[in-house]
Amino acid sequence: MIRTRFAPSPNGPLHLGHAYAAMVAHDLARSRGGEFLLRIEDIDGERSRAEFVETFFRDLEWLGLAWDGETRFQSRRLADYAEAGERLKAMGLLYPCRCTRAEIAAAAAAAAMGPDGPVYPGTCRHREVNPEGAAWRLDVARALELTGPLEWTDERAGPQRAAPGIFGDVVLLRKDLPASYHLAATLDDATDGITLVTRGMDLFPASHVHRLLQALLGLPVPVWHHHPLLVEPDGRKLAKRRGAPSLGDRRKAGEDGQAIVEALREGRFPAGISLSEGLHQAS
Ligand code: GLU
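Residue numbering for the sequence shown follows the numbering used here, starting at 40 and increasing by one per position.
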């Protein structure tokens, strides 16, 4: 049976782009007789705020997008993430790194840019680093030697050869947390039995890393569906900080949530907003 999820981070209120993402996950599950889950990605330290979670529930109800079963919370799964981190350490695939952002930017100045900014140039890969309070990075080249070439499939883009190296050696365990987005999302999708991972095209590159983690940790491999993003006239992703009204603002102004979802379904967007496959600029 197909199972999808909507996985918002409670770092701010939801806006129309989130409504679109939730609608895609909901409709793909419902149209194929499957299940649609809600997962709250609330491990982002001080940026995660409980009050946003409450409004997420109200927003989704107002949109008419009902989810199945219990809501999942990443903050309750830290022990699972830590355990997977220990397994990867025991496999000799993680190394500690204490580099600051500024150090990485300086060292990477001559190197390529990746999907998330300057690619980490592997500074600490062969260094003696005190692991106390350090972040832990995945030695991607060594990991790929172990797994061999990997493939994954996006329903819209077709078969892909996994290229996790585009990010450099990603952080899997942060300094302040026994996880990172890549590790937590990959483990959760397996734990929750997600068979179709739906999310925006901006996260397409992340799936290369997630496919590698699935191979290393012996996790089932889902199919992906990266959908286009709602963008502003300048091609940038909708964002509250650029003035996109939140769903809560619209709800309080008396707008009809279900009518909004119906319009998004039919490709009718508010003036100035359109769909774009990728991002022209980083937000
Ligand atoms: N929490 C992520 C976000 O809000 C979504 C992650 C995912 O769907 O994998 O952008």
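Quick reminder that beta carbons are idealized off the backbone N, C-alpha and C, glycines included.
For the set A89, G103, A245, the Cα lying nearest the Cα of G207 is the one of A245. The Cβ neighbour count for G124, taken over all protein chains shown within 10 Å, is at least 16; the residue is labelled buried. Contact check for Q297 and G103: beta-carbon distance about 4 Å, within the 8 Å limit, so the pair qualifies. Membership of E125 in the alpha helix (DSSP H) is indicated by the continuous run 117-129. For A151 and G311, the gap between their C-alpha atoms comes out near 33 Å. For A174 against L212, the beta-carbon gap comes to about 6 Å, under 8 Å, which counts as contact.
Taking all protein chains in view, the Cβ of H165 is surrounded by fewer than 16 other Cβ atoms within 10 Å, so the residue is classified as exposed. Just measuring C-alpha positions, the residue of A229, P217, G282, W263 sitting nearest G84 is P217.
T43 sits away from L77, with the two beta carbons spaced by 8 Å or more. Contiguous beta strand (DSSP E) elements confined to the segment 189-253 occur at 190-193, 197-200, 210-212, 235-239, taking only those with 3 or more residues. Residue side-chain check: E80 places its Cβ nearer than 7 Å to a non-hydrogen atom of the ligand GLU.
In chain order, P47, F95, D98, S285, L286 place their CB closer than 7 Å to the CB of L53, counting only its own chain and leaving out the 5 sequence neighbours on each side. When the five nearest sequence neighbours on each side are left out, the beta carbons in the same chain lying within less than 6 Å of the beta carbon of S87 are those of P49, D81, in order along the chain. P52 has its CB no nearer than 7 Å to any heavy atom of the ligand GLU. Between T162 and A146, the C-beta gap is smaller than 8 Å, which places the two residues in contact. Ranked by how close their Cα comes to the Cα of L303, the residues R176, G293, L318, L269 have L269 in first place.
Comparing C-alpha distances from E184 to each of G197, G204, Q199, E171 shows the shortest one belongs to G204.
Per DSSP, reduced to three states, the secondary structure at G103 is coil, with no helix or strand assignment. The Cβ atoms of W106 and F75 sit closer than 8 Å to each other.
A straight-line Cα-Cα distance of about 17 Å links P261 and Y220. Between the alpha carbons of H57 and R176 lies a gap of roughly 30 Å.
For L226, the shortest separation between its Cβ and any heavy atom of the ligand GLU does not lie below 7 Å.
When secondary structure is reduced to three states using DSSP, V168 falls in the coil class, being assigned neither helix nor strand. DSSP lists no bridge partner for A61.
With a 10 Å radius around the Cβ and a threshold of 16 neighbouring Cβ atoms, T225 comes out buried.
Annotation for V262: the continuous beta strand (DSSP E) segment containing it runs 262-266.
Close CB contacts of Y159 within its chain, under the 6 Å cut and outside five residues either way in sequence, are with I143, G207, D208 (chain order).
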